[in-house]
Each structure stands twice: as structure tokens, then as C-alpha cells.
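When the count follows numbering that gives the first Met the number 0, it moves up by one through the sequence shown with no breaks and lands on 350 for the last residue. Virtual Cβ for every residue (Gly too), placed ideally from N, Cα, C. Model, not experiment: these values are computed from the prediction. Just below is one structure, and these are the notes that go with it.
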Amino acid sequence: MNNVEYKRKSRFAVVITTIIFLFFSAFVYYQSFFQPVTTKSDAPQKIINIPKGYSTVQIAKVLKENSLIKNEWFFIWRAKVLGADGKLQAGKYLLSPNMTTDQIIEKIFAGKAQKDTIKVTIPEGYSVKDIANKLSQLGLVNKDKFLEVAQKDTFNYDFLKDIPKDRPSRLEGYLFPDTYQIPIEAGEKEIINIMLKRFQQVYNSTIKDNAKYVGMTPDQIVIIASLIEKEAVVDKDRPLIAGVIYNRLKKHMKLQIDATVQYALGEHKDKLLYKDLEVDSPYNTYQHYGLPIGPICNPGLKSIKAALFPAKHDFYYYVAKKDGSHIFSITYEDHLKAQKEIEANENNNTK
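As C-alpha cells, then:
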């Protein structure tokens with residue numbers, strides 16, 4: 000074999016190899032479109048609203064924007080192949096990035112939206128605004144409408160009858176933190192009622208008959224529980240913090256709870272400034288005696304029980320350590336010592 004013929008065969012082999020490689024790569028790339036965006040089993044589900052009259056192209060765009068499909072044109076092509084183009088139905092759908100494109104198309108084509116529910120966990124200490132934000136991010140509600148319904152709509156529960164009409168957030172404290180299975184077609188009022196019904200169970204079993212033993216109304220118990228929820232990190236501190244609140248109330252001392260100032264400001268600050276403590280708000284316990292005008296969050300059962308069964312002690316002050324637990328003091332002098340002790344420990348740990 001001469002040198003020219005050898006070079007020609009070598010080039011031919013390179014071309015064939017390249018073609019095979021490109022064909023194989025294209026095949027693998029094409030096959031990848033059949034796979035879900037992620038294979039993680041715990042991938043978060045999303046509620047997607049398909050409005051009436053949306054074309055397959057528009058639906059593909061919505062799905063791609065929500066990271067539920069890899070490629071819009073592949074979705075459109077597969078919808079044609081599966082006979083679903085132009086037949087995808089409007090509605091709310093619970094979809095996940097671990098679903099394949101075919102599974103998503105089949106679900107929307109079949110209109111399987113009505114019976115879906117989504118598991119939603121509302122953590123202890125969430126405010127009504129926090130809940131509205133979370134539900135909105137999941138696609139369950141319109142945030143502004145949820146807040147409006149919570150404030151202005153009618154809800155027939157005994158525990159809501161005595162709430163002052165001038166309370167800025169009427170249902171704060173009463174949307175019980177828990178894990179719910181919420182129908183994705185539920186409206187704002189239905190979702191609120193689901194949470195209020197759960198609070199009704201807690202009210203009947205725990206609050207209703209016990210509030211009087213600590214000289215409080217059920218509403219005052221919820222307010223105190225909300226303060227405990229925001230102040231306590233360690234469970235063992237909850238009844239101790241409750242005891243401090245009751246002790247200060249009995250002695251007609253201002254509660255001076257930082258969490259009430261945070262709520263009044265409408266934002267969380269890692270460190271409050273002196274000017275923050277002067278904010279003019281009925282929630283600010285640095286400016287007003289007694290309890291704030293209403294709860295500052297939605298407390299969980301542990302904080303509610305602490306408010307009902309406070310620890311009996313002589314503490315009037317507490318300060319948080321870095322691990323979230325607290326040092327409790329009887330006198331202001333001891334309280335200042337505890338603050339200095341914590342500051343010294345933090346400074347030593349940063350050296």
C-alpha cells in the first residue's frame with residue numbers, strides 16, 4: 000500500500016468514526032429529552048395553572064419557565080406524536096421535575112387536576128404574611144387576595160368572636176402551624192378554613208378550659224404563646240420564658256420583648272437599634288405596657304402549652320446565648336452580668 004492510499008483510508012476512517020460519534024451523541028442527546036429534569040425522589044412539586052385557551056406552545060413555555068421540562072420544542076413535538084396537540088386541558092396541575100415529558104403531557108391531556116392535593120408544612124412561628132408568601136410561591140393562592148380574605152371575610156368560629164375589630168391582623172395566631180394536604184383547586188378562603196378548623200381542635204382540647212386557670216382569655220393565651228414561639232429556641236426554655244412574661248405582667252413591668260419590635264417593623268433584623276425600640280406601634284412592648292394588641296405569629300402546640308402552664312419562678316429577665324438557650328435572672332444587675340458573660344464567651348470564641 001502506497002503512502003497516498005494509506006492517507007486516503009486514514010481520512011476515510013476518521014470521517015466514519017466522526018459520523019458514528021456524532022450520530023451516537025445525537026441519539027444520546029435525543030434520548031435525554033425523554034428523561035425527567037431530575038431523578039431526585041424528593042424534588043419539590045409545583046402547582047402549575049394552565050389558563051383556558053393556552054396553546055401547546057404557550058404551555059411549553061410555562062413548563063420550561065418552571066423547570067419542569069428540558070426543551071420546549073421537544074414538548075411540542077411529543078404532544079403532536081401523542082395526539083395531544085391542541086387538546087391539553089386548562090386547570091391547576093400538581094407537577095414535579097422528576098416526571099418525564101410524556102407523563103406531564105398525559106396528565107394535562109387527561110385533565111387530571113381536580114383531585115390532586117399538595118403536602119404543605121407551615122412551620123411554627125410563621126406570620127400570616129409568611130403563610131401567604133409560602134402558599135403563593137407554591138401556586139396555591141394569590142398572596143394579596145389571601146391576606147385580604149384573612150382580614151375581611153367572615154369566619155364563624157367561637158374563638159374569633161372576641162377579637163378586637165381594630166386588630167391589624169385579625170387571624171394572626173389562629174392559622175395553626177401543621178402539615179396539611181391541601182387540594183390544589185382550593186381557594187383562599189377554603190385554605191384558611193382548613194387551618195382554622197385545625198386550630199379549633201387545639202382550642203377545644205387544650206385552650207378553652209385551661210385559660211381561666213392562669214387568669215387569661217383564650218385570645219391572651221394565643222398572644223402570649225406567640226411571644227414564647229418567637230423568643231424560645233430550646234423547648235425547655237418555653238415554660239421559663241412564659242413564667243417571665245407572667246411575672247412582668249403581674250409587676251406591671253413592660254415586657255420589652257424584641258420580637259414584638261421586629262413584628263412592628265415588619266422586617267427581621269439580626270440586631271435591633273435603639274431607634275427601632277421607639278417605633279410607634281401597639282405591638283411594641285418597649286413602648287407599651289401589657290400584652291401587644293395581638294399575636295405576632297402563629298404559635299405551635301408547645302408554646303401554647305407553655306402559655307397555659309408557665310413555670311413558677313422569680314425570674315424577670317433572660318438573655319439568649321449563641322446556641323439559642325437562655326440565661327434567666329432575678330435582678331437587672333444579674334441580667335447585665337449574664338449579658339457580659341455571653342459577650343465575653345463570644346469574643347473568646349472568635350479569637
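Closest in C-alpha terms to residue 74, from the list 102, 322, 338 and 224, comes 102.
Within the segment 119-160, the alpha helix (DSSP H) runs of at least 4 residues that lie entirely inside it are, in chain order, 127-136 and 142-151. Beyond the five residues adjoining it in sequence on each side, residue 303 comes within less than 8 Å, by CB distance, of 201, 205, 206, 220, 221 and 224 in the same chain, given in chain order.
Closest by C-alpha distance to residue 120, out of 177, 331 and 276, is 177.
When DSSP states are grouped into helix, strand and coil, residue 229 belongs to the helix group.
In the same chain as residue 275, and ignoring 5 residues on each side of it, the C-beta atoms closer than 8 Å to its own belong to 260, 264 and 268, in chain order. A straight line joining the alpha-carbon of residue 172 with that of residue 339 spans about 34 Å. Note that the segment 241-256 touches the segment 285-301; at least 3 beta-carbon pairs, one per stretch, sit closer than 8 Å. Shortest Cα-Cα distance from residue 213 to any of 196, 235, 244 and 197 involves 244. Judged by DSSP in its simplified three-state form, residue 259 adopts helix. Under the Cβ criterion (8 Å, minimum of three pairs), the segment 142-155 does not count as touching the segment 81-89. In this structure, residue 236 sits away from residue 312, with a CB-CB distance that is not shorter than 7 Å. Going by DSSP, residue 290 is part of no alpha helix (DSSP H) at all; its letter is neither H nor E. When DSSP reads this structure, residue 318 sits in a beta bridge with 326. For residue 248, the enclosing alpha helix (DSSP H) starts and ends at 237-249. When secondary structure is reduced to three states using DSSP, residue 173 falls in the coil class, being assigned neither helix nor strand. For residue 92, the three-state secondary structure derived from DSSP is strand. The distance from the Cβ of residue 48 to that of residue 186 is about 13 Å, inconsistent with a contact at the 8 Å cut-off. The C-alpha of residue 127 is placed about 8 Å away from the C-alpha of residue 146.
Residue burial annotation: residue 343 is exposed, with fewer than 16 other C-beta atoms found within 10 angstroms of its C-beta. Residue 35 is bridged by DSSP to nothing; it lacks a bridge partner. A straight-line Cα-Cα distance of about 15 Å links residue 35 and residue 106.
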